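Peer 1: Respectively, the protein sequence lines represent chains U and Z.
Each residue of the first sequence is one higher than the one before, counting from 8 in the numbering used here.
Each residue of the second sequence is one higher than the one before, counting from 8 in the numbering used here.
Submitted below is the structure of interest, expressed as structure tokens.
Number of protein chains: 2
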Amino acid sequence: MLSKNQIKIYTSLKQVKYRYIHRLFIVEGLKSVEELLLSNFDIIELLVTKNWYDSNPDFGQSAQVLPEFVTENEMAALSNLSTPPGVLAVARIPDYDDVEVELKNKITLVLDGISDPGNMGTIIRTADWFGLKYIICSEDSVDVFNQKVVQASMGSIFRLKVITRSLTSLFDQAAGLGIPVYGAYLDGVNIYNEASDFQEGVLVIGSESHGIRENTHKYITTKLSIPNFSDNTNKAESLNASIATAIILSEMKRKSVLF
Amino acid sequence: MLSKNQIKIYTSLKQVKYRYIHRLFIVEGLKSVEELLLSNFDIIELLVTKNWYDSNPDFGQSAQVLPEFVTENEMAALSNLSTPPGVLAVARIPDYDDVEVELKNKITLVLDGISDPGNMGTIIRTADWFGLKYIICSEDSVDVFNQKVVQASMGSIFRLKVITRSLTSLFDQAAGLGIPVYGAYLDGVNIYNEASDFQEGVLVIGSESHGIRENTHKYITTKLSIPNFSDNTNKAESLNASIATAIILSEMKRKSVLF
Chain U
8 MLSKNQIKIY
18 TSLKQVKYRY
28 IHRLFIVEGL
38 KSVEELLLSN
48 FDIIELLVTK
58 NWYDSNPDFG
68 QSAQVLPEFV
78 TENEMAALSN
88 LSTPPGVLAV
98 ARIPDYDDVE
108 VELKNKITLV
118 LDGISDPGNM
128 GTIIRTADWF
138 GLKYIICSED
148 SVDVFNQKVV
158 QASMGSIFRL
168 KVITRSLTSL
178 FDQAAGLGIP
188 VYGAYLDGVN
198 IYNEASDFQE
208 GVLVIGSESH
218 GIRENTHKYI
228 TTKLSIPNFS
238 DNTNKAESLN
248 ASIATAIILS
258 EMKRKSVLF
Chain Z
8 MLSKNQIKIY
18 TSLKQVKYRY
28 IHRLFIVEGL
38 KSVEELLLSN
48 FDIIELLVTK
58 NWYDSNPDFG
68 QSAQVLPEFV
78 TENEMAALSN
88 LSTPPGVLAV
98 ARIPDYDDVE
108 VELKNKITLV
118 LDGISDPGNM
128 GTIIRTADWF
138 GLKYIICSED
148 SVDVFNQKVV
158 QASMGSIFRL
168 KVITRSLTSL
178 FDQAAGLGIP
188 VYGAYLDGVN
198 IYNEASDFQE
208 GVLVIGSESH
218 GIRENTHKYI
228 TTKLSIPNFS
238 DNTNKAESLN
248 ASIATAIILS
258 EMKRKSVLF
């Protein structure tokens with residue numbers, strides 16, 4: 008059984024400050040917890056309600072840690088969902104500080120100030136689908152171990168390395184290696200016409216409200232745009248950040264296999 | 008000044024039942040209200056707080072209806088946002104019952120049981136970007152005049168016709184005209200290799216949890232898939248429904264301009 012103090016600590020993980028004091032985060036629901044169990048992440052607790060466990064007797068048989076029971080009220084306190092799940096895990100936030108990002112022969116995604124957790128999680132999920140190995144988030148992005156981000160990533164956050172750090176050294180590294188830095192803009196080159204084979208490169212996505220910021224803009228070597236096909240005089244001004252990321256990654260990957 | 012009864016009616020529009028009893032819906036925030044003002048939708052009320060109006064003195068000068076003041080509390084009651092906006096409108100739900108959907112020479116989107124309002128709104132915004140004229144939603148989809156859908160559509164819901172009706176007659180119409188019906192599946196033809204020029208067609212997207220349902224499946228003439236580029240043994244199983252829609256529409260539009 009969990010102590011009151013443990014429950015208190017785990018409940019505090021809803022706040023970013025306590026996630027980094029304890030270096031722990033919450034993973035909710037069966038699908039995400041199953042993906043966590045398949046990953047290399049350290050699992051501290053597997054928490055289940057009695058009701059849920061009784062209807063899922065095979066759960067956790069092969070897990071590194073045994074499931075512990077919590078009451079429905081405790082689960083509700085730990086969960087971020089309006090309908091709390093029957094299963095939830097506490098995992099350790101990985102230390103990516105010393106990870107050297109490899110930029111050669113691959114596309115790497117850089118997120119410049121993405122603040123919406125749902126968008127962040129969806130971008131992580133999409134980048135995983137397209138086989139990316141790293142996402143680098145600017146330090147003012149939403150925390151990637153936020154419960155909503157983890158939820159929306161649908162387990163992808165356990166597969167690719169989502170690293171929060173200053174972007175400058177990454178851009179210097181790309182410049183040193185001669186790797187192009189693409190940015191998503193409203194006034195760039197039509198991505199369908201861009202001649203690159205996209206075998207390698209860095210793709211920078213800014214927030215919907217601010218776009219790619221001044222500090223980052225100077226590192227961009229090619230501005231890319233997704234053409235607007237509307238024939239209305241009053242057109243949509245922009246796309247959602249996760250949608251723009253998906254369309255550009257799709258087009259890069261399509262071109263990369265043609266060569 | 009609004010009467011208590013008006014406030015009561017407008018507040019009730021958060022519930023789908025009352026939206027259709029009154030055939031009214033809520034549009035929140037400056038960006039969405041501005042798009043509403045540019046549209047052909049009937050505007051019943053423009054509601055502003057005193058504070059907001061004082062800092063936006065030019066607002067509503069050319070609007071068909073004069074802004075009315077509401078208190079901050081009334082605005083909070085009407086709003087669906089945790090930070091209520093300073094401006095909000097009540098508009099009439101358009102009657103699309105007799106609209107004949109034109110399928111020739113265009114791509115038309117069909118949504119089969121999309122229940123997440125954020126996804127629905129993002130799909131509408133994306134379809135507008137790619138110049139679509141119609142989206143047809145199955146009757147069990149989330150109501151498209153839900154406040155969260157309207158919010159996420161960022162004004163696009165006022166530009167293309169988003170029609171909720173039984174899908175069967177639409178599929179019969181497509182079959183009668185010899186127009187292909189594409190469906191997004193996990194085991195279809197790689198969209199990058201699909202030989203169609205996509206000058207016209209119906210694209211069906213199912214929900215993430217259930218996919219395209221049995222009743223709809225029989226009308227699909229070509230199954231399309233977005234290839235998974237991950238080299239992990241444990242891969243992401245699917246994409247978010249709005250992401251899949253965006254990638255397929257992008258690829259269709261890219262191909263359509265090549266011809």
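From the three backbone atoms N, C-alpha and C, an ideal C-beta is built for every residue, glycine too.
These numbers were taken from a predicted model, which means no experiment stands behind them.
Determine, for I255/U, whether the minimum Cβ-Cβ distance to residues of chain Z falls below 7 Å.
Peer 2: Judged by the 7 Å Cβ criterion, I255/U is not in contact with chain Z.
Peer 1: Give the single residue among E52/U, V94/U, N247/U whose Cα lies nearest to the Cα of D65/U.
Peer 2: That would be V94/U, whose Cα lies nearest to the Cα of D65/U.
Peer 1: Look at K225/U and G195/U and say whether their C-beta atoms are less than 7 Å apart.
Peer 2: No, the Cβ-Cβ distance between K225/U and G195/U is not below 7 Å.
Peer 1: Okay, do the segment 146 to 163 of chain Z and the segment 237 to 244 of chain Z touch, 3+ Cβ pairs below 8 Å being the bar?
Peer 2: Taking 8 Å as the limit for Cβ pairs, the verdict is that the segment 237 to 244 of chain Z does not touch the segment 146 to 163 of chain Z.
Peer 1: Would a check of beta-carbon distances place T115/U closer than 7 Å to chain Z?
Peer 2: Output row for T115/U: interface = no.
Peer 1: Please list, in chain order, the chain Z residues whose beta carbon lies closer than 7 Å to that of T129/U.
Peer 2: Those within 7 Å of T129/U in chain Z are N247, I250.
Peer 1: Who are the near neighbours of F165/Z in its chain, counting only those whose CB is closer than 7 Å to its CB and skipping five residues on each side?
Peer 2: So the qualifying residues of the chain are E42, L43, S46, F48.
Peer 1: Between V188/Z and V157/Z, how many whole angstroms is the CB-CB distance? I'm expecting something under 8 Å.
Peer 2: Going by Cβ atoms, the distance from V188/Z to V157/Z rounds to 28 Å, so no, they are not a contact pair.
Peer 1: I need the DSSP call for R99/U, collapsed to helix, strand or coil.
Peer 2: The answer is strand: DSSP assigns R99/U an E or B state.
Peer 1: For chain U, find out if any of its Cβ atoms is closer than 7 Å to the Cβ of S237/Z; answer yes or no.
Peer 2: Yes, S237/Z counts as interfacial toward chain U.
Peer 1: Could you check what DSSP says for G208/U in three-state terms: helix, strand or coil?
Peer 2: Residue state, collapsed to three classes: strand.
Peer 1: With a threshold of 7 Å between beta carbons, is G138/U in contact with chain Z?
Peer 2: Yes, because at least one Cβ of chain Z sits closer than 7 Å to the Cβ of G138/U.
Peer 1: Within 10 Å of its beta-carbon, does D179/U have 16 or more other beta-carbons around it, so buried, or fewer, so exposed?
Peer 2: Exposed, by the Cβ-count rule.
Peer 1: Sorted by chain position, which residues of the same chain lie with C-beta nearer than 6 Å to F152/U's C-beta, five sequence neighbours on each side aside?
Peer 2: Counting only Cβ-Cβ distances below 6 Å, and skipping sequence neighbours, we find R26, F32, I100.
Peer 1: Name the two residues that bound the continuous alpha helix (DSSP H) containing K262/Z.
Peer 2: Segment 248 to 263, the alpha helix (DSSP H) holding K262/Z.
Peer 1: Which word fits N80/U, buried or exposed, when buried means at least 16 other C-beta atoms lie within 10 angstroms of its C-beta?
Peer 2: It is exposed - the Cβ of N80/U has fewer than 16 other Cβ atoms within 10 Å.
Peer 1: Quick check on the burial criterion: 16 or more other C-beta atoms within 10 angstroms. Buried or exposed for K260/Z?
Peer 2: With 16 or more Cβ atoms within 10 Å of its Cβ, K260/Z is classed as buried.
Peer 1: DSSP on T171/Z, reduced to helix/strand/coil?
Peer 2: Of the three classes helix, strand and coil, the one that applies to T171/Z here is strand, per DSSP.
Peer 1: Using a threshold of 7 Å, state whether the C-beta atoms of A134/Z and I121/Z are closer than that.
Peer 2: Not closer than 7 Å, so no.
Peer 1: So, does the CB of A123/Z fall closer than 7 Å to a CB anywhere in chain U?
Peer 2: Residue identity check: residue 123/Z is Asp in the sequence provided, not Ala. Chain U contact via Cβ: absent.
Peer 1: Is the distance from the Cβ of L177/U to the Cβ of L139/U below 7 Å?
Peer 2: Not a contact, by the Cβ cut-off of 7 Å.
Peer 1: Which residues does DSSP list as the beta-bridge partners of L53/U?
Peer 2: Per DSSP, P74/U, A96/U.
Peer 1: What's the gap between the Cα of A70/U and the Cα of I28/Z?
Peer 2: Rounded to whole angstroms, A70/U to I28/Z spans 52 Å at the Cα level.
Peer 1: Mind checking whether M82/Z and P74/Z have CB atoms under 7 Å apart?
Peer 2: Against a cut-off of 7 Å, the Cβ pair of P74/Z and M82/Z comes out as no contact.
Peer 1: With DSSP collapsed to three states, give me the class of F137/U.
Peer 2: Coil.
Peer 1: Would I227/Z pass as a contact of E207/Z if the rule is Cβ separation under 7 Å?
Peer 2: Cβ distance not < 7 Å, so I227/Z and E207/Z don't count as in contact.
Peer 1: Sort S86/U, G190/U, N126/U by Cα distance to E221/U and report the nearest one.
Peer 2: Among S86/U, G190/U, N126/U, the Cα nearest to that of E221/U belongs to G190/U.
Peer 1: Would L256/Z pass as a contact of W136/U if the rule is Cβ separation under 7 Å?
Peer 2: No, these two residues do not count as a Cβ contact at 7 Å.
Peer 1: Use the C-beta contact count for M8/Z: other C-beta atoms within 10 angstroms, 16 or more gives buried, fewer gives exposed.
Peer 2: Looking at its Cβ environment, which holds fewer than 16 other Cβ atoms inside 10 Å, M8/Z is exposed.
Peer 1: Would you list the residues sitting across from E35/Z in a DSSP beta bridge?
Peer 2: According to DSSP, E35/Z bridges with L95/Z.
Peer 1: For V23/Z, count the other beta carbons within 10 Å of its own beta carbon; 16 or more makes it buried, fewer makes it exposed. Which is it?
Peer 2: Exposed.
Peer 1: Which stretch, first to last residue, makes up the alpha helix (DSSP H) that contains L85/Z?
Peer 2: From DSSP, the alpha helix (DSSP H) with L85/Z extends over 79 to 85.
Peer 1: Answer with yes or no whether the minimum CB distance from V202/U to chain Z is below 7 Å.
Peer 2: The sequence shown places Ala at residue 202/U, not Val. Not an interface residue.
Peer 1: Cα separation between R132/Z and L53/Z?
Peer 2: Their Cα atoms are separated by approximately 23 Å.
Peer 1: G185/Z by DSSP, collapsed to three states: which one?
Peer 2: Coil at G185/Z, not helix or strand.
Peer 1: Could you check whether the Cβ of K21/U sits closer than 7 Å to any Cβ belonging to chain Z?
Peer 2: No, K21/U lies away from the interface with chain Z (no Cβ there is under 7 Å from its Cβ).
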